[in-house]
Structures are given as C-alpha cells and as structure tokens.
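Chemist:
There are 2 protein chains.
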Amino acid sequence: MKQLNQGARLAAILQLLEEKAFWAVSELADRFEVSEETIRRDARHLEQSGVIQKMHGGISATSNKIEAPYRIRFRENVAAKQRMAQTAAALVREGMTLLLDSGTSCHWLARSLAHMQNLTIVTNSVEIAHEILGNPGQRLLLAGGPVNQIHHAAFGPEASAFCRRFAPDLTILSMSAVDPERGFLDFDADEAAFKQPLLERARRVVVLADHTKFAKSGFIQVASFADVQDLVTDLEPPASTVQAASLSGTRLHVSEDTPGDHHKGNVDLV
Amino acid sequence: MKQLNQGARLAAILQLLEEKAFWAVSELADRFEVSEETIRRDARHLEQSGVIQKMHGGISATSNKIEAPYRIRFRENVAAKQRMAQTAAALVREGMTLLLDSGTSCHWLARSLAHMQNLTIVTNSVEIAHEILGNPGQRLLLAGGPVNQIHHAAFGPEASAFCRRFAPDLTILSMSAVDPERGFLDFDADEAAFKQPLLERARRVVVLADHTKFAKSGFIQVASFADVQDLVTDLEPPASTVQAASLSGTRLHVSEDTPGDHHKGNVDLV
DNA sequence: CAATCATGTGACATATTGTGGGAATTAAAT
DNA sequence: ATTTAATTCCCACAATATGTCACATGATTG
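Line by line, the protein sequences are chains G and B. Heads up: the first sequence begins at 7 in this note's numbering, then just goes up one per residue. Heads up: the second sequence begins at 7 in this note's numbering, then just goes up one per residue.
#1: Quick one: any contact between the segment 233 to 243 of chain B and the segment 202 to 215 of chain B, if contact means 3 or more CB pairs under 8 angstroms?
#2: Name, please, each residue of chain G whose Cβ falls closer than 8 angstroms to the Cβ of Ala74(B).
#3: The segment 141 to 175 of chain G: which residues have C-beta closer than 8 angstroms to a C-beta of chain B, in chain order?
#4: Alpha carbon to alpha carbon, how far is Pro174(G) from Met102(G)?
#5: If you check the beta carbons only, do Arg81(G) and Gly56(B) fall under 7 angstroms apart?
#6: Can you tell me which of Ser182(B), Ile226(B), Ser118(B) puts its alpha carbon nearest to the alpha carbon of Gly109(B)?
#7: Quick check on the DSSP output: the alpha helix (DSSP H) that includes Thr256(B) runs from which residue to which?
#8: Answer yes or no: do Phe161(B) and Glu197(B) have a C-beta to C-beta separation smaller than 7 angstroms?
#9: Given that a residue counts as buried once 16 or more other Cβ atoms are within 10 Å of its Cβ, and exposed if not, what is His288(G)?
#10: Would you mind sorting Val228(G) into buried or exposed? The rule is 16 or more other CB atoms within 10 Å of its CB.
#11: Can Ala149(G) and Ile134(G) be called in contact, C-beta distance under 7 angstroms?
#12: Pull up the DSSP beta-bridge partners for Trp29(G), would you.
#13: Check each candidate in Lys26(B), Ala250(B), Arg37(B) and name the one with the smallest Cα separation from Leu10(B).
#14: Report the three-state DSSP secondary structure of Thr107(B) (helix, strand or coil).
#15: Tell me the rounded alpha-carbon separation between Asn130(G) and Leu22(G).
#16: In whole angstroms, what separates the C-alpha of Leu253(G) from that of His136(B)?
#17: Once you ignore the five residues that flank Val153(G) on each side, which residues in its own chain have a CB closer than 8 angstroms to its CB?
#18: Alpha carbon to alpha carbon, what distance is there between Leu147(B) and Glu164(B)?
#19: Can you tell me which residues form a DSSP beta bridge with Ala229(G)?
#20: Quick one: is Phe193(B) buried, meaning 16 or more other Cβ sit within 10 Å of its Cβ, or exposed?
#21: In the DSSP assignment, what residue or residues form a beta bridge with Val128(G)?
#22: Please confirm if the segment 25 to 43 of chain B is in contact with the segment 58 to 67 of chain B, defined as three or more CB-CB distances below 8 angstroms between the two stretches.
#23: My output table needs one value for Gln155(B): the three-state DSSP class, helix, strand or coil.
#24: Does the beta-carbon distance from Thr218(B) to Leu237(B) come in below 7 angstroms?
#25: Excluding five sequence neighbours on each side, which residues of the same chain lie with their C-beta closer than 8 angstroms to the C-beta of Val98(B)?
#26: Less than 8 angstroms between C-beta atoms, sequence neighbours within five positions excluded: which residues of the same chain meet that for Ala85(B)?
#27: Within its chain, find whatever has a CB closer than 8 angstroms to the CB of His113(G); leave out the 5 residues flanking it on each side and keep chain order.
#28: Quick one: grab the DSSP three-state call for Ser180(G).
#29: To be precise: take each residue of the segment 76 to 94 of chain B, compare its Cβ to all Cβ atoms of chain G, and keep it if any distance is under 8 angstroms. Which residues remain?
#30: How many Å lie between Leu241(G) and Thr44(G) at the Cα?
#31: Please tell me whether Gln54(G) and Thr68(G) are closer than 7 angstroms, where the distance is taken between their beta carbons.
#32: Mind checking Ala215(B): buried by the 16 CB within 10 Å criterion, or exposed?
#33: Is there a Cβ from chain G that is less than 7 angstroms from the Cβ of Glu67(B)?
#34: Taking 7 angstroms as the threshold (beta carbon to beta carbon), is Phe231(G) in contact with chain B?
#35: Got a sec: which bits of the segment 8 to 27 of chain B sit with their beta carbon under 9 angstroms from any beta carbon on chain G, in order along the chain?
#36: If you follow the alpha helix (DSSP H) that Val98(G) is part of, which residue opens it and which one closes it?
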C-alpha cells in the first residue's frame with residue numbers, strides 16, 4: 007500500500023477493523039509504510055474519539071455495545087468483593103430465607119451461594135434474580151415495579167410492599183457509606199426509602215460495605231449500628247468505626263487479603 | 007494457532023470457554039504457543055475481572071454449575087428465533103410501550119430491540135428484564151412475585167395485577183401451541199392464567215410462535231384468533247391455520263430463511 | 001516567511017514473557 | 001492416616017517487546 011496522509015490512513019484503519027477485530031501496530035506500520043510511532047499516534051487519536059480501543063500490541067474495534075454502568079461496577083474490585091462474599095456466605099445455612107438487597111456486593115454474595123441448596127431468596131435486584139436462576143434448587147421471590155437504571159433494581163412502593171411481607175432469617179443489605187456517628191447511609195433517596203422499612207421486621211441484619219465506604223458519608227441515614235448485627239468488610243475499618251460497632255454489639259467480619267496465609271482466615275472482633 | 011498478543015489471547019480464551027467449560031493450562035499454552043506461566047497470568051487477569059474461575063490445573067467458566075434449562079432452550083433454533091425477532095421488531099416504533107411476555111422468542115425480540123431508543127418495556131420475565139437493562143435508553147417495568155424456575159418469569163397474582171395496570175401499544179406474547187380451531191393454547195396453567203387477562207386491555211396483540219407450535223395442541227386455551235392481530239412465525243403454517251388467521255383478520259408474518267435474497271422479506275397475507 | 005502540523009528518531013518508561021527455584025496442592029503409595 | 005512423589009502454582013528476575021515522550025526535520029498552509 008502506498009503512503010497515505012493522516013486522514014486517509016485513519017479512515018483506512020477503521021475500514022480494516024471491519025475485516026478483522028484486531029490489528030497489531032507492526033502490521034499496520036508495515037501496510038501503510040510508516041513508522042510504528044505514527045500508527046500509535048493514529049491509535050491515540052482514534053481512541054480519543056472513542057472509535058477504537060488501544061491495546062498492548064495493537065488496536066481493536068470498540069465493543070459495539072456500551073456496557074451498562076452497573077455491569078462495569080460489578081467487575082471492579084472483584085477480589086475484595088469475592089472475599090466479602092465468602093465471609094458473608096459463611097453466615098448462611100441451608101434452608102434459610104434471605105432478603106438480598108441490590109448492589110454489586112450482594113450480587114457477588116448471590117454467586118457465592120451457588121452451591122447451597124434449599125435457599126429462599128427475596129430480592130429487588132434484577133441482576134441478583136438473574137444470578138439466582140442459575141443456581142438450581144433455590145427459590146426466588148422477586149420484588150417488581152419500575153426498575154432503576156443505575157442500580158438495576160426496583161425501589162418503588164410495589165417492591166417495598168412485597169418485601170415487607172416476608173420475615174427472612176437474614177436481611178442482607180449493601181450500604182453506600184458508613185459513618186461512626188451517623189451509622190449507615192445512602193446517597194439515593196429511593197434506595198434509602200426502600201431499605202429503611204426492611205429493618206423493622208428483620209431478625210438479623212447483615213451489612214456488606216467495602217473499605218471505600220468508610221471514607222464516604224451519604225446524606226440519608228438508613229440504619230444505626232444498633233440496627234445491624236453483622237458488618238462484613240474487606241479491610242479493617244477506622245478505629246472510631248470499630249468502636250461504634252463494638253458499643254452497639256455489631257459483629258465485625260473483616261475478610262482481609264491474606265496471600266499465602268490461608269489459615270489466618272477472618273478477624274472477628276467482639 | 008499463531009502467536010497472539012495478550013488482548014487477543016484473553017478474548018480467545020473467553021471464546022474457547024464457550025465451547026468447553028474447562029481448559030487445562032497446558033492445553034491453552036500449547037494452543038497459543040506460549041509458556042504455561044503466561045496462561046496462568048492471563049487466568050489471573052481474567053479472574054480479577056470476574057469473568058472466569060481459576061482452578062487447580064486450568065481455568066473454567068464462572069458458571070461451572072449446570073446451565074439452567076431455560077438458558078439451554080434459549081440457544082436452540084437460534085437462527086429461526088432471530089429471524090422472527092427481526093420481523094416482530096419491525097412492528098415496533100420508537101416511543102412505544104411494549105408488554106413483553108416471557109419465553110425465549112420474546113427474549114430474542116428484546117435483544118433485537120437493543121438499538122431502539124425510548125421504549126418502555128413491561129415484562130414478567132427475569133431474563134428479558136436482564137436483557138433490557140443492557141439496552142441503554144429503555145425504561146423497564148418489571149412484574150414481580152414468586153419466580154417460576156422453568157420459565158424464569160413471575161406468573162403470580164402480583165405479576166398479573168401489575169401488568170394489568172398498563173395499556174401497552176403492543177402486547178407481545180409467546181404461545182406453546184397454535185391450533186386452527188381452538189386458537190392459541192398453553193401447557194402451563196399458571197402461565198395461561200397470567201396471559202389471559204392481558205388480552206382484555208390490549209390494543210394490539212402480537213403472538214410469536216415458531217413452526218413447531220403448529221404441530222402441538224396445548225390443553226388450556228389462552229386466546230382465539232380474533233384476539234390476535236399479528237402472528238409472527240418462521241415457516242408457512244398449515245393451510246387450515248392460514249385460513250383461520252385470514253378469517254379472523256390476523257396478519258401473518260412469516261420470516262422465512264432467505265439466504266442471499268434480502269429483498270424478499272416477509273410474506274404478509276391479508 | 002512564519003506558524004502549524006505530520007512524521008521519524010532515539011532515549012526512556014512500562015508491559016509482557018520465559019525461566020528457574022521454592023511453596024502449595026493433588027495423587028499415589030504405603 | 002501418613003508419607004512420598006508428581007504436578008501445579010506463585011514469585012522474582014532478566015530479556016524482550018511495546019509504549020510514551022521530547023525533539024528535530026520536512027511539508028503544508030495562510
């Protein structure tokens with residue numbers, strides 16, 4: 007192929023990506039008879055305009071389907087979420103009825119429960135419902151209504167009324183923020199309004215909150231420490247939070263990352 | 007297989023996991039002509055993003071659990087279902103409100119609607135809800151309640167009452183059997199009891215039924231031809247069925263397989 | 001002619017890969 | 001059940017490959 011100017015080359019690259027999903031930088035440099043650095047600059051330009059995706063070794067077509075933000079969040083901090091899920095799963099016994107809140111942490115917990123039999127799961131999360139249906143031998147009760155596009159869950163009055171009909175053995179909630187003084191908080195008003203009534207009928211409340219939640223402070227209080235029997239997290243919380251939990255009798259389950267140290271297990275304070 | 011760079015290799019591994027649930031490290035190293043350690047590192051990357059599960063000796067798809075029967079059915083007769091979905095999608099306009107019944111045909115339709123904006127989807131199917139949440143710019147109203155393990159959808163009174171609150175532009179139903187004399191039938195009593203009331207408030211009823219449904223005859227009548235404005239199917243139905251449809255003014259949309267003949271399109275009788 | 005832009009080159013930073021040693025896991029044998 | 005052997009895994013290091021940046025050159029444009 008002969009020398010093309012930049013515009014023609016960019017267009018040609020896009021054309022080539024129709025044929026093959028991935029092109030190595032060296033391939034393109036060779037084909038257009040320019041230096042690899044030029045191709046890399048082209049790649050940077052195209053990536054800036056979101057048309058392609060730069061990868062190590064070359065460029066690839068952007069996935070034509072924009073992934074929903076929820077599903078991106080689901081894949082962030084996977085290791086920590088999996089550890090928390092394992093820790094929380096240890097609280098579950100066969101035959102139990104669980105109320106599983108929406109949120110990616112609860113979603114990972116649902117996945118960790120795959121092997122358990124004879125569970126009844128009540129949830130308002132479409133993602134968790136979808137997950138549970140992949141687990142044979144688990145009953146699913148789904149709260150419906152208008153579905154929130156951000157959280158992929160129903161928070162409306164239908165969902166609220168539905169969930170209040172049950173008295174689950176464990177009420178498992180995720181929280182957006184944990185504050186030593188104000189307890190557990192949320193940013194979303196609908197979400198908070200959905201969770202709050204669940205506390206009244208709850209026998210045992212388990213909250214999942216990774217360490218990033220200790221640095222935040224939402225603006226709607228959902229629960230105090232006294233409402234929560236178990237708090238599962240991935241890193242030791244600040245001393246003030248540990249103390250607040252201790253004073254209210256909230257058990258703290260820290261599932262730390264312990265590479266090469268498999269017998270240490272979880273640190274359960276109180 | 008030739009040497010691939012990391013990105014291409016990761017994608018290829020995910021592709022391979024579609025074929026076989028478990029791949030040994032040695033197998034993959036062999037296939038990609040890289041060292042086993044490289045494969046292990048790939049595995050670590052993929053596990054970090056939660057896409058696969060690392061096992062001793064190899065990697066496996068996260069869901070090494072038995073795939074739910076629904077999800078197996080979803081992958082059967084894909085070509086026919088996709089054609090029917092395309093045909094049905096042609097009836098949908100932006101801004102519409104759709105009631106989408108459960109069933110794999112409707113599920114494929116939901117997928118075909120991915121590119122459309124500003125749709126409002128009412129459904130009782132967890133699978134369809136999950137699909138819709140992957141389509142940006144579509145509103146989702148989910149009917150809840152106890153979820154049927156076979157159909158992955160809610161058929162209970164909560165779901166029924168919820169759906170009856172809406173007057174959708176299109177009411178799209180799948181049916182288990184089509185009989186020239188008795189109309190549209192079902193095998194499942196709960197499912198039938200859910201669908202029947204939807205017909206009353208429906209403005210326009212679209213039924214999806216592939217050709218296998220013409221050979222069956224369920225035992226619960228859900229609708230007569232007079233209730234149904236459009237019938238989408240993949241092959242020309244028996245003459246008696248065509249006549250029954252014609253007499254009741256039911257439009258017949260046959261999305262036949264027309265390889266290399268893209269302008270023939272659908273056969274619309276009446 | 002000055003200013004801007006595209007390109008190539010080389011120096012340096014970052015990422016990926018293979019190798020070998022030692023820990024961990026599994027399988028086999030006692 | 002306990003020990004032994006084989007396999008597999010993880011880590012650290014070195015080599016290679018790739019990416020980024022800064023600067024110089026030549027082309028293009030106003």
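Idealized CB from N, CA, C, for every residue including glycine. Predicted model only: the values in this text are computed from it and were never measured.
Modeler: Reading it off the structure:
#1: yes
#2: The answer, in chain order, is Leu139, Gly140, Pro142.
#3: Asn141, Pro142, Arg145, Leu146, Leu147, Leu148, Ala149, Gly150, Gly151, Pro152, Val153, Gln155, His158, Ala160, Glu164, Ala165, Phe168
#4: 8 angstroms
#5: Yes, the Cβ-Cβ distance between Arg81(G) and Gly56(B) is below 7 angstroms.
#6: Ser182(B)
#7: Note, Thr256(B): premise wrong, no alpha helix (DSSP H); not H, not E.
#8: Less than 7 angstroms divides the Cβ of Phe161(B) from the Cβ of Glu197(B).
#9: Residue 288(G) is absent from the model: chain G starts at 7 and stops at 276.
#10: buried
#11: no
#12: Ile65(G)
#13: Arg37(B)
#14: Strictly speaking, residue 107(B) in this sequence is Asp, with Thr absent from that position. It is coil, neither helix nor strand.
#15: 45 angstroms
#16: 42 angstroms
#17: Hits under 8 angstroms: Val132, Ala159, Ala160.
#18: 13 angstroms
#19: Partner(s): Phe190(G).
#20: Counting of Cβ neighbours within 10 angstroms places Phe193(B) among the exposed residues, the total staying below 16.
#21: Leu105(G), Leu147(G)
#22: yes
#23: It is coil, neither helix nor strand.
#24: no
#25: Hits under 8 angstroms: Leu104, Leu119, Met122, Leu125, Leu176.
#26: Asp263
#27: Phe80, Ser131, Glu133, Ile134, Glu137
#28: Residue state, collapsed to three classes: strand.
#29: Tyr76, Arg77
#30: Looking at the backbone, the Cα of Leu241(G) and that of Thr44(G) are separated by about 45 angstroms.
#31: no
#32: buried
#33: It is Ala, not Glu, that sits at residue 67(B) in the sequence shown. So no, Ala67(B) is outside the interface.
#34: no
#35: Using a CB distance below 9 angstroms, the part of the segment 8 to 27 of chain B facing chain G consists of Leu10, Asn11, Gln12, Gly13, Ala14, Ala17, ordered along the chain.
#36: That residue, Val98(G), is in no alpha helix (DSSP H); it is neither H nor E in DSSP.
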